[in-house]
Structures are given as structure tokens and as C-alpha cells.
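Visitor: The following block contains the structure, expressed as C-alpha cells.
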Amino acid sequence: MSLDVTVAVPFRQHGSTRLGEGEFVVALSLDRDWFSPDQAKRLIDLAAGRGLVERDDGEVVATFDPAGVQIPEEFEPDASVLREQSAFEQILDACVAAGIEKQAAVAGINERQSRLGVTAEAAAVLFARANDVNVDDAAEKAKRSLAE
Numbered sequence: 000m001s002l003d004v005t006v007a008v009p010f011r012q013h014g015s016t017r018l019g020e021g022e023f024v025v026a027l028s029l030d031r032d033w034f035s036p037d038q039a040k041r042l043i044d045l046a047a048g049r050g051l052v053e054r055d056d057g058e059v060v061a062t063f064d065p066a067g068v069q070i071p072e073e074f075e076p077d078a079s080v081l082r083e084q085s086a087f088e089q090i091l092d093a094c095v096a097a098g099i100e101k102q103a104a105v106a107g108i109n110e111r112q113s114r115l116g117v118t119a120e121a122a123a124v125l126f127a128r129a130n131d132v133n134v135d136d137a138a139e140k141a142k143r144s145l146a147e
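Under numbering that gives the first Met the number 0, read the sequence shown as residues 0 to 147, first letter to last.
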């Protein structure tokens, strides 16, 4: 969730859903002093990987409505926002965002993992899909990690 909020801030600051990559980096590094420029660029990579933004000819384009994101008044992201989430964490977050209680999702995933004898990631994908939660990107990531 804090990745979503962190990414929304520069767009809200500029009142746009499109920013030059440099504008985005400056908003997070110089304007807010949250990250170094390199870290801000890493954040763009992570956000793109999560489907929150797309790159378009030197611009960063929000794929969500930044105005719809609640930003707490004293919000300041911590360094963990720069850590790439595992496929399992992404799927669990997607389930929670779809309205499934976190404890219920974890219990359902654990039950499938135990019953089917599969990895936690595979069980999470099955749980999400059974609950009509789109996790195609995270499922692909889980599939790649199995192949490695």
C-alpha cells in the first residue's frame, strides 16, 4: 500500500497523471527529500513492475487515479518501499485490496498449500483466482521463480 501512496504523491503534487521521468524523480528526491535520485528511479522501476505506472517516451504515466489515493497528512515512506515484493506478497496484497480479510486469505492459501502440496506462491495464485482476483502479473513472477 505505501508503494501506491508514494507513487501517487508526485502526480498529485503536479495535478497530472503524466510526468516527465525527471519531474517524478525531482518530486521524490529534491522536493520531498524522501529518496536519492537513484532510489527514486528504482521506485519507478518497482512501480512499473507492479503495474502502477507505465513508461511512455521519457514520461511516467499513472495507470491508476492518483486523486483517488488517500495520502495521510504526515505520510513519509520508509526504505522498505524500495524492496521488491515477492509474488506471494503481491498476491496477498491484491486479495486484501479486493476486500478479502488478510487473515482469511492467509488461511485459505495455507489450506490449499497443505491440501495440494504446492508452493505458497502457487497456492496463493489458486486462492486469488478462485476469488476472482486478477493476479496475472504476480502469477507470471511466481512461475518464473519456479523455473529458476
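Note that beta-carbon positions come from the ideal geometry of N, C-alpha and C, so glycine has one too.
#1: Based on the DSSP secondary-structure assignment, which residues constitute the bridge partners of VAL60?
#2: Would ALA80 and THR16 be called neighbours here (beta carbons separated by less than 7 Å)?
#3: Taking the Cβ atom as the reference point for each residue, do VAL134 and ILE90 lie within a distance shorter than 7 Å?
#4: Can the beta-carbon of ALA39 be found closer than 7 Å to that of VAL24?
#5: Touch check for the region 65-84 and the region 27-45: three-plus C-beta pairs under 8 Å?
#6: Going by other Cβ atoms of all chains shown within 10 Å of its Cβ, with 16 needed for buried, is LYS101 buried or exposed?
#7: For ILE108 and GLU22, I'd like the C-alpha separation in whole angstroms.
#8: At what residues does the alpha helix (DSSP H) containing GLY107 begin and finish?
#9: For the alpha helix (DSSP H) that VAL124 lies in, which residues bound it at each end?
Guide: The short version:
#1: Within the DSSP secondary-structure output, VAL60 pairs in a beta bridge with ARG17 and GLU53.
#2: Here residue 80 is Val; the residue named in the question, Ala, does not match the sequence. No, they are not a contact pair.
#3: For VAL134 and ILE90, yes; Cβs fall inside 7 Å.
#4: The answer is yes: Cβ separation under 7 Å.
#5: Contact between the region 65-84 and the region 27-45 is present, because at least three Cβ pairs lie under 8 Å.
#6: With a 10 Å radius around the Cβ and a threshold of 16 neighbouring Cβ atoms, LYS101 comes out exposed.
#7: C-alpha of ILE108 to C-alpha of GLU22: approximately 41 Å in a straight line.
#8: 101-115 is the extent of the alpha helix (DSSP H) around GLY107.
#9: Looking at the DSSP string, the run of the alpha helix (DSSP H) that includes VAL124 is 119-129.
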